[in-house]
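The numbers in UniProt numbering rise by one with no breaks, and the one at position 212 of the sequence shown is 212.
Here a beta-carbon is modelled for each residue, glycine too, at the ideal position from N, C-alpha and C.
It should be emphasised that the depicted structure is a prediction, and the values quoted were computed from it without experimental measurement.
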Amino acid sequence: MATRIPQEFIDEVTSKTDIVDVISKYVQLKKSGKNLFGLCPFHEERTPSFSVAEDKQIFHCFSCGRGGNVYKFIMEMENKTFPEAVIEVAQMGNISVPDQYEARNTQYQNSDSQTLLKMYADAAKLYSHILTKTENGTPALKYLKNRDLSDDLIQTFGIGYAPNNNNLLLQFFKDRDISEDVLKKSGLFAENQEGELFDRFRDRVMIPITDESGNIIAFSGRILDKEASTAKYLNSPETEIFNKGKTLFNLNNAKKEIREKGNVILFEGFMDVISAYKAGVTNGVASMGTSLTDQQLYVLSRLTNKINVCYDGDDPGVEATYRALTQLTDERFTYGVISIPNRMDPDEYIRSEGFEKFQNLASGGVQTPIAFILNYFKRNYNLNNEHDQLEFLNQSLHEIVKLQSPVEVDMYVGKVADEMHVSKEAINKELDALRRQQAIQKPANNYKDVQQHALEQVTSSVRPKYNRLEKSERFLLYWAINFPEVRINLKGEGFSFVHQNYQRIFDALLSYVEQDDVDDDEINISDFMNVLDNDDKNLLAELEMMNMPDEYNDQEIDDYVRNIQNSDLENKLADLNEQLKKAAMVGDNKLQMELVKQLVDVRRILCN
């Protein structure tokens with residue numbers, strides 16, 4: 001059982017951490033005015049509405065409303081508790097975490113997702129132990145060594161081995177009193193016709209698949225017996241914690257390099273990613289299917305705007321590369337192709353040519369998509385045949401016409417002209433005709449995308465509308481947080497906010513400043529957030545991100561207080577006006593006179 005983390009350690013971590021450094025591991029941030037902006041990691045958007053205030057050490061999304069300090073960010077991103085988030089942030093900053101603060105509770109938590117995460121972590125440890133510490137793992141370890149995977153690399157990727165045993169893992173979890181219902185949900189087991197569970201993975205090298213935060217959420221098992229009739233790779237089915245459309249293999253390890261290098265390399269298989277990592281190319285990922293999904297692209301868009309495709313160099317790999325390029329049409333990215341020579345896959349090339357050549361290929365051998373596609377077309381046609389020549393020209397023009405840069409267009413028109421032994425002028429005439437034809441069709445084809453983008457731009461800039469009362473509460477609370485004399489005066493007058501969420505933050509503020517180690521003159525917003533619940537953290541971040549002047553004036557504060565204190569009278573005034581309308585409609589003159597008298601009295605009080 002871990003010891004409770006003391007405030008002194010939390011303060012140390014807070015003082016040594018810059019929220020920008022932490023969030024930059026997940027979001028591509030750009031400076032805009034005083035703050036930094038990026039695409040929100042908590043919902044999909046095309047227009048950045050996620051803001052980070054480095055001076056206050058807080059974040060806020062103007063679209064979905066989430067906000068808080070660095071610990072809240074980690075809690076939301078990685079589904080962690082506050083103590084776990086503190087430890088995670090400390091480890092990110094290489095701050096030594098005393099052993100007694102590390103969680104050592106081995107009991108499974110109540111929620112199914114937390115239980116499954118713990119099960120997958122335990123299964124990975126078991127598979128790793130079998131691979132590296134038992135005789136059963138010797139053949140699998142030999143296979144990995146033959147592929148030049150070192151002990152360090154095996155440990156880095158958590159690779160293990162599932163022996164040819166139907167109920168090894170099943171018994172392992174039954175001994176830990178995991179219910180059959182949870183065992184079925186886990187995806188670690190399959191059922192026979194009698195409804196009996198057995199281990200899904202048997203006699204396979206086990207590669208853990210992690211989420212963006214490094215939690216193991218699935219496995220990919222590679223068969224050892226090449227002659228076996230079963231599938232070469234077997235992946236976990238989708239579960240409560242694993243959605244293959246949202247998952248990218250190795251993203252947790254690669255995201256730092258992706259940001260630093262400014263691009264991500266998309267490989268075809270998990271072993272290619274691992275081999276590239278071994279060769280020093282550490283910004284590689286692999287998708288869980290044949291193409292990137294919208295969710296995967298969104299995750300990558302927070303880290304980079306450049307995707308390089310590096311599939312096998314054989315015919316199926318070239319076909320897969322072409323299909324990928326035709327599907328990668330998201331305008332947030334530019335694309336490139338790393339072609340492996342001599343029909344090799346990345347792993348074969350690395351083992352044959354060495355680390356340095358592969359590094360040079362990955363950094364300096366990137367083709368543009370159009371260059372790859374033109375070469376791909378050449379593979380499929382006999383350019384000594386007139387019919388094939390015309391087909392090649394037609395397909396090439398349909399790709400060149402998509403280019404936006406006049407320089408690129410001219411360059412590739414020249415290449416095709418040289419290839420076909422025709423003039424550039426003739427090809428440009430064909431290109432102009434194709435442009436005119438497509439221009440007619442374009443409005444109908446892209447109307448939906450244009451409308452969607454316009455809608456996103458509008459909705460990202462929309463701010464909630466508040467009535468006079470709530471505006472007064474928001475502004476008054478902001479000044480009370482940032483200026484001690486304002487909150488002292490409010491406290492002395494026994495002032496209360498009308499809406500409970502503002503009152504809760506104000507009460508928490510008064511309690512917070514009474515602590516001995518708190519500087520009452522200047523509130524540390526990030527630290528203050530630690531005493532609030534999640535909804536109030538979101539609200540406080542929103543208030544602190546308001547565009548406010550540096551100073552207030554006394555008249556402004558008095559007006560806010562008066563608006564709030566008179567809110568009951570204003571509600572009564574609105575009610576009387578509504579009653580007066582109804583009395584007029586039914587012709588009740590006596591009631592109208594009484595209501596008018598009451599209206600005059602209320603207005604007199606409001607004017608004083």
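Residue ranges of uninterrupted alpha helix (DSSP H) with 4 or more members, entirely inside the stretch 468-556 and ordered along the chain, are 468-482, 484-492, 500-513, 525-528 and 534-544. Beta-bridge annotation (DSSP): Asn308 is paired with Ile265 and Gly336.
For the options Tyr311, Thr293 and Tyr298, the alpha carbon positioned closest to that of Gln327 is the one of Thr293. Assigned with DSSP and collapsed to three states, Ala162 falls in strand.
Excluding its 5 nearest sequence neighbours in each direction, Phe528 has C-beta neighbours in its own chain below 6 Å: Tyr512, listed in chain order. If you look at Arg302, you'll find it isn't in any beta strand (DSSP E); DSSP assigns it neither H nor E. One thing to note: Ile400 has its Cβ no nearer than 8 Å to the Cβ of Val407. When the beta-carbon positions are compared, Ile307 and Phe333 come within less than 8 Å of each other. Runs of the beta strand (DSSP E) spanning 3 or more residues and lying entirely within the stretch 179-258 occur at 189-191, 197-199, 204-210, 216-223 and 233-235, in chain order. Contact between Ala162 and Arg202 holds, since their C-beta atoms are separated by about 6 Å, short of 8 Å. Between Met288 and Thr321, the C-beta gap is not smaller than 8 Å, which leaves the two residues out of contact. Judged by DSSP in its simplified three-state form, Ala286 adopts strand. Note: Leu36 is bridge-paired with Lys31 and Val52 in the DSSP secondary-structure output. Assigned with DSSP and collapsed to three states, Gly414 falls in helix.
By the Cβ-count criterion, Lys31 is exposed, with fewer than 16 other Cβ atoms from all chains shown falling within 10 Å of its own Cβ. In the structure shown, Ile5 adopts coil according to DSSP, grouped into three states. Here DSSP, grouped into helix, strand and coil, assigns Gln367 to strand. In the assembly as shown, Tyr412 is a buried residue. Its beta-carbon has 16 or more other beta-carbons within 10 Å. About 6 Å separates the beta carbon of Gln295 from that of Gly245, a gap short enough to meet the 8 Å contact definition.
Distances from the CA of Met92 to each of Val22, Ser301, Gly365 and Val309 were compared; the closest alpha carbon is that of Val22. Exclusion of the five residues before and after Tyr560 leaves Ser472, Phe475 and Leu476 as the residues of its chain whose Cβ lies within less than 7 Å of its Cβ. Gly262 sits away from Ala286, with the two beta carbons spaced by 8 Å or more.
About 11 Å separates the CB atoms of Tyr71 and Phe59; that is not less than 8 Å, and the two are not in contact. Runs of the alpha helix (DSSP H) spanning 4 or more residues and lying entirely within the stretch 124-159 occur at 138-146 and 151-156, in chain order. Asn94 and Arg435 have their C-alpha atoms spaced approximately 56 Å apart.
Taking the Cα positions, Arg204 is about 52 Å away from Glu386. Residue pairing by DSSP places Cys61 opposite Phe50 in a beta bridge. Counting along the chain, Lys174 sits inside the alpha helix (DSSP H) bounded by residues Leu168 to Lys174. Gly67 is bridged by DSSP to His60. Leaving aside the five residues that flank Ser24 on each side, the residues in its chain whose CB is nearer than 8 Å to its CB run, in chain order, Arg259. Around Tyr120, the same chain offers Ile216 and Ile217 as residues with beta carbons nearer than 7 Å, after the five sequence neighbours per side are excluded. Between Phe249 and the set Ser275, Ala231 and Thr210, the nearest pair of CA atoms involves Thr210. Per DSSP, reduced to three states, the secondary structure at Leu393 is helical.
In the displayed model, Phe42 falls within coil according to three-state DSSP, outside both helix and strand. Only exposed fits Leu510, as fewer than 16 other CB atoms lie within 10 angstroms of its CB. Nearest Cα to Leu361 within the set Phe495, Glu348, Leu36 and Ser339: Ser339.
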